[in-house]
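One structure below.
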Amino acid sequence: MAITAVPQAPRKPGRPMSPYATGPQRTSLGRKVRDNLTGHAFLIGAVLCFVVFSWYPMIRGIVMSFQRTRRGETTWVGWDNYSRLIADPSFWPAWKNTLYFTVLALVLGYAVPFFVAILLNEFRHAKGYLRVLVYLPVMLPPASALFLFKFYAYDPSEAGLFNAILTALHLPTSQWMQSPDMTMPAMVIASTWMNMGGAVLIYLASLQNIPGELYEAAELDGAGIWRRIRHVTIPQTRLILALLAMLQIVATMQLFIEPLILANGAGAEDSATSVAYLIYQHGFFQNDLNGAAALGVIMLVVLAGFSAVYVRLTAKQD
Amino acid sequence: MAQDSGTRTLISHSQLSRGRGKVIYWTLLIVVVTGFTLVFLGPLYWMVTGALKSGQEIAQTPPSLFPKDPQPQNYIDAWNNLALAKLLFNTFYYAIGAVLFQLVLDSAAAYSLSKLRPIFGNVILGLMLGTLMIPAMVLIVPQYVTVLDLPILHINLLDSPFAIWLPMVANAFNIFLLKRFFDSIPEELMAAALMDGASSLRTLWSIILPLSRPILGVVSIFAVTAVWKDFLWPKLVMPSPETRTVSVGIYTFAGGTPMNVVIAASVIAAIPTVIIFLIFQRNIMSGLTTGSIKG
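As you go down the protein sequences, you meet chains A and B in turn. The opening residue of the first sequence carries number 1 in UniProt numbering; numbering runs sequentially from there. The opening residue of the second sequence carries number 1 in UniProt numbering; numbering runs sequentially from there.
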């Protein structure tokens, strides 16, 4: 970036010119200690914030999941919180819904941005405009965007935007959030619309790093467009594809605001309850912070399982 | 032909500028530009104009493309009934504070990790980056309990802006972005400053930070949009009506407010981030991609 035009700091006359005059062999112990202290002094503010709001809560969450606090008294209860949670009638539906959402979002929110990026990368016109368009919804506050979907797009009467389009195309209309079968697909559509811009831009950047000679060579060998995508584009962007798949799984497992706003939480017949929503329910409505912490730990373990599979899969390919 | 670079992509340039390729290229371009405009701008148009329609007009079938009898009153009602001025001010205040805390503490940390490199620096960096793998939802309960009663100090941060500012400093992604940028500043500059007897603080202030304006801009924009878009955390730690953020405020009022007014409020809430995006889109896009590409 702007590093090339760096103004050189003026050197005072009579000082040694070599920047290496204070090499490691010349430093005394006192000097070393002082340098380290200075270094840590610059770190301390951020480190304290990590300690208080990230590292300590991590441990505290695990500890809390084995405790129960009632009327200010905390006792160790072993696995009680976990068994109580698993017995919650919403526990399995929440996992089923969350995993269903994750799979749907992976199909729609993962494949679509990749092909959109490939398409945009071919265009020599309107590139900037299309990029701004795709990223625009990412900048909206999710609550704003979801109210738009809830009230205007997913209106179950024919006055709703989606139903009006379906009617105009002579297709059957849908009850959207009122129908248990459509709840998840409707949430995935809204979520993909809001979030795909980031993935598209990251793919675009990695597509631009593919050396053009590879496509040229493939074309000379008679490879068509699809084969060029399969044998050049995908292998060349494999690392980013794998990384974004993992990030997407972590993000979709935390599905929360979509059910909260679009489905008022649980939705028709528990069709929208997500694990994250259940954490919120237990922690902040049923006054069961310990149960919510236990569910958080379960979520962490499941994600760690996914990461282990991910590391296995990506390591194998290398 | 407008051509941004000579790099070869999936389909060769010559193939696209001749005969059948040219026809397909232009057809596809027009289809995609129209399609994208409808898909990404269409809903926003629907939102802005829908909030101008009357209750009857919004319920009519088929829906009208333009509001027949525009009701700017919906926007005025949203502004007054939801006390949007106060909500927007709160959110803006939290966003500015988050920017300042992140710029000061995170760039000091990144500077230390990049240039001063004290012992255990790499361990600390590793622990920080490790938090990127932990989903926010897993931490939400213990974080909330921590904010209710800070360890050692025993202070309750509920309804205090510090409950938003301080957790935002623990942002490994921003520290990583800053550190990577500082890494690219030549070591000779540091040595020259040392020769001149500049302290570490002086070097950071007069050499590193002025050179790092682009990345500081990116981090600031990310901080502002993160505060503006966040929902669950401010909902939990800012429970009073006086301290709410704009998203939480609209959500709280949504139940008992006519939907056109809720949408009008949503439009108003979205304006600041959209404006920030349109002004700083280049910085945002470069920040997004530098963090993710290796090498």
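Even glycine gets a Cβ: it sits at the ideal position worked out from N, Cα and C.
With DSSP run on the structure shown, which of helix, strand or coil describes E242 of chain B?
coil
Closer than 8 Å, CB to CB, is A270 of chain B near chain A or not?
yes
Selected residue, minimal CA-CA separation from P210 of chain B, among B:V99, B:L103, B:I30:
B:L103
Residues that Q60 of chain B contacts on chain A, provided the C-beta gap is smaller than 9 Å
Here the neighbours are A159.
Going along the chain, which residues of the region 13-30 of chain B sit with their C-beta nearer than 7 Å to a C-beta in chain A?
Within the region 13-30 of chain B, the qualifying residues are L29.
Among A:G267, A:L106, A:A168, A:D88, which residue has its Cα nearest to the Cα of Q286 of chain A?
A:D88
Could you round the C-beta distance between G291 of chain A and L85 of chain A to whole angstroms and report it? I think they count as a contact, below 8 Å.
5 Å
For R202 of chain B, go through chain A and note every residue whose CB falls closer than 9 Å to its CB, in chain order.
Correct list: empty, because the minimum Cβ distance to chain A is about 11 Å.
Proximity below 8 Å, CB of M47 of chain B to CB of I263 of chain B
yes
When we look at the beta-carbon of W226 of chain A and count the other beta-carbons within 10 Å, is it buried (16 or more) or exposed?
Label assigned to W226 of chain A: exposed.
Run through the DSSP bridge pairs and tell me what W76 of chain A is partnered with.
A:Q67
Alpha carbon of Q15 of chain B to alpha carbon of E122 of chain A, nearest angstrom
12 Å
Alpha carbon to alpha carbon, how far is D149 of chain B from S174 of chain A?
48 Å
7 Å Cβ shell around D270 of chain A - same chain, five flanking residues per side excluded
Within the same chain, D270 of chain A has close Cβ partners S90, P93.
By the criterion of Cβ-Cβ separation under 7 Å, what are the contact partners of M253 of chain A in chain B?
What M253 of chain A touches in chain B: P135.
Using C-beta distances below 7 Å, list every residue in its chain close to S206 of chain A, excluding the 5 sequence neighbours before and after it, in chain order.
The residues are T237, I240.
Are at least three pairs of beta-carbons, each pair with one atom in the region 203-220 of chain A and one in the region 301-312 of chain A, less than 8 Å apart?
no
Rounded to whole angstroms, what is the Cα-Cα separation between Y203 of chain A and W176 of chain A?
31 Å
Counting contacts by CB-CB distance shorter than 8 Å, is W76 of chain A in contact with chain B?
no
By Cβ distance below 7 Å, which residues in the same chain neighbour P142 of chain A in space, the five residues on each side in sequence not counted?
M194, I257
Name, please, each residue of chain D whose Cβ falls closer than 9 Å to the Cβ of K68 of chain B.
The structure shown contains no chain D; the protein chains it does contain are A and B.
For M253 of chain A, name the three-state secondary structure that DSSP assigns.
coil
Proximity winner among B:F181, B:F36, B:S266, relative to S112 of chain B (alpha-carbon distances):
B:F181
Closest residue to D69 of chain B among B:A51, B:P118, B:S200 (Cα-Cα distance):
B:A51
Residues of chain B with a CB under 8 Å from the CB of P113 of chain A: which are they?
Residues of chain B passing the Cβ test: none, with the nearest at roughly 13 Å.
Please check if any C-beta of chain B sits within less than 8 Å of the C-beta of L220 of chain A.
no
Among B:A83, B:L189, B:L236, which has the Cα closest to the Cα of Y144 of chain B?
B:L236
Using a Cβ-Cβ distance cut-off of 8 Å, determine whether E258 of chain A contacts chain B.
By this cut-off, E258 of chain A is not an interface position.
S64 of chain B to E57 of chain B, Cα distance in whole Å?
8 Å
Going along the region 160-181 of chain B in order, which residues come within less than 7 Å of chain A, judged by CB to CB distance?
Result list: L166, P167, V169, A170, I175.
Please state whether the Cβ-Cβ distance between S266 of chain B and S144 of chain A is less than 8 Å.
One thing to note: S266 of chain B has its Cβ within 8 Å of the Cβ of S144 of chain A.
Taking Cβ-Cβ distances shorter than 8 Å, what residues in chain B pair up with H40 of chain A?
Result: S112, P118.
Which of the three DSSP states, helix, strand or coil, is assigned to G305 of chain A?
helix
Using beta carbons (cut-off 8 Å, strictly below), is I279 of chain B in contact with chain A?
no
Spatial neighbours of A85 of chain B within its chain, please: CB distance less than 8 Å, with the 5 preceding and 5 following residues excluded, ordered by chain position.
W79
Please work out which residues of its chain come closer than 8 Å, Cβ to Cβ, to T74 of chain A, disregarding the five sequence neighbours upstream and downstream, and give them in chain order.
Q67, R68
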